[in-house]
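**Student:**
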Amino acid sequence: MAPPVRQSSVQAAMLSLRATVIQPSRPWMLVVLGVVVLLLAVELSLFWRSPEYVSIDFHAYAAAARVGEQSGWAHIYDQGLVKATESQLVPHQSTLRFISPPPVAWLAAVLTPLPYWLAYGVWAALMFSSLALAFAWSTTYRGLTRLVAVGVAIVPWWVLHALYVGQVVPLVAASVLIAWRLLREDRDVAAGIVLSLVVLKPQAAAVAPLALLAAGRYRAFAAWVAAAATVAGASLLTLGPHGLAEYRNSFDLLPASSSDVTLGAAFGLTGTGLVLSGALIVCAALVTARRMRSDPGIVIGLGVLASLLATPYLYENDLCVLGVAGWILWQERPTPFWRASLLAIWILAATHLVITGVGASTLRQWPLLELALFVALVATAWFGLLDRPPAATAAAFTGEADPSKP
30 MAPPVRQSSV
40 QAAMLSLRAT
50 VIQPSRPWML
60 VVLGVVVLLL
70 AVELSLFWRS
80 PEYVSIDFHA
90 YAAAARVGEQ
100 SGWAHIYDQG
110 LVKATESQLV
120 PHQSTLRFIS
130 PPPVAWLAAV
140 LTPLPYWLAY
150 GVWAALMFSS
160 LALAFAWSTT
170 YRGLTRLVAV
180 GVAIVPWWVL
190 HALYVGQVVP
200 LVAASVLIAW
210 RLLREDRDVA
220 AGIVLSLVVL
230 KPQAAAVAPL
240 ALLAAGRYRA
250 FAAWVAAAAT
260 VAGASLLTLG
270 PHGLAEYRNS
280 FDLLPASSSD
290 VTLGAAFGLT
300 GTGLVLSGAL
310 IVCAALVTAR
320 RMRSDPGIVI
330 GLGVLASLLA
340 TPYLYENDLC
350 VLGVAGWILW
360 QERPTPFWRA
370 SLLAIWILAA
380 THLVITGVGA
390 STLRQWPLLE
400 LALFVALVAT
410 AWFGLLDRPP
420 AATAAAFTGE
430 ADPSKP
């Protein structure tokens, strides 16, 4: 009988690290859970110091839905009607232009029979539960470890910020997580359909489906195209030429804060420089996705990061998808470099509100961190500069034995 093969020191170290991270002792998990609860409580207290912004995004969604129901869906981008309806819903709250895609108003229309604040509460609860359950379903962790991991994942300030203003982006982030797991299980058609929720907020993750195409996941991409085209077609039919023209006009007067968390704002890029930098990032993501085609998690991570970096229009709560990219990398790349880097970013995100607050000058650090992660992923793929252990198999998600191993 052949002698057993010895593990290299690097493999042994990695197994030890993974065992330490995945199976910590219960006291430490309880300590971490306590820290999570404390941080969330602090964030909530800081947000509620500015009650005038509570539900401000959902306010616009609900107003557009009311306009659609009362005046026709072709008028949901009539900003005068939307503003008047917002004032009727919550007279004391400032108004916000509705510039989200039509499906966001359709979703909000489901809640219009409810009193406004109850509708907002239900919306926020649905957004939170969709993201939390997606984190839980996509992870390899089990039991108390999974609970702690999900708690850690929702601590970064952008999650509560999205819930605070009533954003739809947590649902988009959840769709990316669910699609990742489905891809790992080779359920490509289902993954593509789920990923079509990106149409709710295209700038947050639009490159992810293209990265799947570059990686050769043709069934997933075709399913995404079919689902997204169906939604786009329905949107065009409901808007008509007049509504479509108003939709285009809605982007003429974007607030200055819409670029605070973009790469263009971080580097002062405008015009041609902004377009070229975005094109370069997207091309790098697609070429690298082709090289990493056997690793769908990294492919999606590349697509998400490229989306955040290439768009000229992004708000702070859209960083929910950055948290998703970090979650995927944490589990796909359990090496000292990646774990240390992601932990450092998490600490910054967990303490951001307490230390710096939310302002243009403090938001512009986040595109730089996104760029650093993106460059590290590309460098790893092409030059092998960092450890790249094999990704978890589908068995890790289901708890079933891996038939490829004795």
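With positions in the sequence shown counted from 1, the corresponding number in my numbering is that position plus 29.
Glycine is no exception: its CB is placed at the ideal position from the N, C-alpha and C atoms.
Nearest to Leu-338 by CA position, among Leu-397, Ala-251, Ser-370, Ser-287, is which residue?
**Tutor:** When each option's Cα is compared against that of Leu-338, the closest is Leu-397.
**Student:** Kindly indicate which residue of Glu-98, Leu-110, Glu-115, Val-151 has the alpha-carbon position closest to the one of Trp-135.
**Tutor:** Nearest of Glu-98, Leu-110, Glu-115, Val-151 to Trp-135, Cα basis: Glu-98.
**Student:** Quick check: what's the CA-CA separation for Ile-85 versus Val-197?
**Tutor:** Straight-line Cα distance between these residues: approximately 12 Å.
**Student:** Can you check which of these residues, Ile-376, Ala-378, Leu-377, Gly-355, is closest to Trp-367 by C-alpha distance?
**Tutor:** It is Gly-355.
**Student:** Taking DSSP as the reference, what is the three-state secondary structure of Leu-140?
**Tutor:** Correct three-state label for Leu-140: coil.
**Student:** Tell whether a beta-carbon distance below 8 Å holds between Trp-186 and Ala-318.
**Tutor:** Contact flag unset, no.
**Student:** Within the region 192-266, note down every full alpha helix (DSSP H) run reaching 4 residues or more, in order along the chain.
**Tutor:** Entirely contained in the region 192-266, the alpha helix (DSSP H) runs reaching 4 residues are, in chain order, 198-213, 217-224, 231-234, 236-243.
**Student:** Looking at the secondary structure, which residues open and close the alpha helix (DSSP H) in which Gln-394 lies?
**Tutor:** Note, Gln-394: alpha helix (DSSP H), 394-412.
**Student:** Can you name, in chain order, every residue of its own chain whose Cβ lies under 7 Å from the Cβ of His-271, other than the five neighbours on each side?
**Tutor:** So the qualifying residues of the chain are Ala-103.
**Student:** Could you tell me which of Cys-312, Leu-303, Thr-380 sits nearest to Leu-69, measuring between CA atoms?
**Tutor:** Closest by alpha carbon: Thr-380.
**Student:** May I have the straight-line CA-CA distance separating Gln-52 from Ile-357, to the nearest angstrom?
**Tutor:** Unreliable placement is indicated for Gln-52, whose pLDDT of 47 sits below 50; the coordinate value is still reported in the next sentence. When rounded, the distance between both Cα atoms is 18 Å.
**Student:** Can you tell which of Leu-292, Lys-112, Arg-78, Ile-327 has the C-alpha that lies nearest to the C-alpha of Leu-392?
**Tutor:** Out of Leu-292, Lys-112, Arg-78, Ile-327, Leu-292 has the C-alpha closest to the C-alpha of Leu-392.
**Student:** Could you tell me the distance, in whole angstroms, from the CA atom of Leu-67 to the CA atom of Ala-369?
**Tutor:** Approximately 23 Å, taken between the alpha carbons.
**Student:** Are the region 252-271 and the region 131-145 touching by the rule of at least three beta carbon pairs closer than 8 Å?
**Tutor:** Contact between the region 252-271 and the region 131-145 is present, because at least three Cβ pairs lie under 8 Å.
**Student:** Which term fits His-190, buried or exposed, when burial requires 16 or more other beta carbons within 10 angstroms of its beta carbon?
**Tutor:** So His-190 counts as buried.
**Student:** Please report the straight-line C-alpha distance between Phe-76 and Tyr-247, rounded to a whole angstrom.
**Tutor:** In a straight line, the C-alpha of Phe-76 is about 43 Å away from that of Tyr-247.
**Student:** Under 8 Å between the Cβ atoms of Ser-336 and Ala-237?
**Tutor:** For Ser-336 and Ala-237, yes; Cβs fall inside 8 Å.
**Student:** Spatial neighbours of Phe-87 within its chain, please: C-beta separation below 6 Å, excluding the five flanking residues on both sides.
**Tutor:** Contacts found: Tyr-149, Trp-152, Gly-195.
**Student:** How big is the Cα-Cα spacing for Gly-332 and Leu-239?
**Tutor:** About 7 Å.
**Student:** Helix, strand or coil for Pro-131? Go by DSSP, reduced to three states.
**Tutor:** Residue state, collapsed to three classes: helix.
**Student:** Distance, Cα to Cα, Arg-459 vs Ser-287?
**Tutor:** No answer is possible for residue 459: the residues shown for the chain start at 30 and end at 435.
**Student:** Would you kindly check if the distance between the Cβ of Leu-406 and the Cβ of Gly-330 is under 8 Å?
**Tutor:** In this structure, Leu-406 lies closer than 8 Å to Gly-330 by Cβ.
**Student:** Less than 8 Å between C-beta atoms, sequence neighbours within five positions excluded: which residues of the same chain meet that for Val-350?
**Tutor:** Taken in chain order, the residues that qualify are Val-198, Val-201, Ala-202, Val-205, Ala-233, Ala-234, Val-333, Ser-336, Leu-337.
**Student:** Take the Cβ of Asn-346 as the centre, count every other Cβ of all protein chains shown within 10 Å, and call the residue buried at 16 or more, exposed below.
**Tutor:** Result: buried.
**Student:** For a quick check, are the C-beta atoms of Val-71 and Val-383 less than 8 Å apart?
**Tutor:** Going by C-beta atoms, Val-71 is nearer than 8 Å to Val-383.
**Student:** Considering only residues of the same chain and omitting the five flanking positions on each side of Val-119, which have a CB-CB separation below 7 Å?
**Tutor:** Taken in chain order, the residues that qualify are His-88, Tyr-145.
**Student:** Below 8 Å on the Cβ atoms is my contact criterion, and I expect Ala-94 with Thr-141 to pass it. Report the Cβ-Cβ distance as a whole number of Å.
**Tutor:** Indeed, because the Cβ distance is near 5 Å, the residues count as touching under 8 Å.
**Student:** From the DSSP output, in three-state form, read off Phe-296 for me.
**Tutor:** Three-state DSSP puts Phe-296 in a helix.
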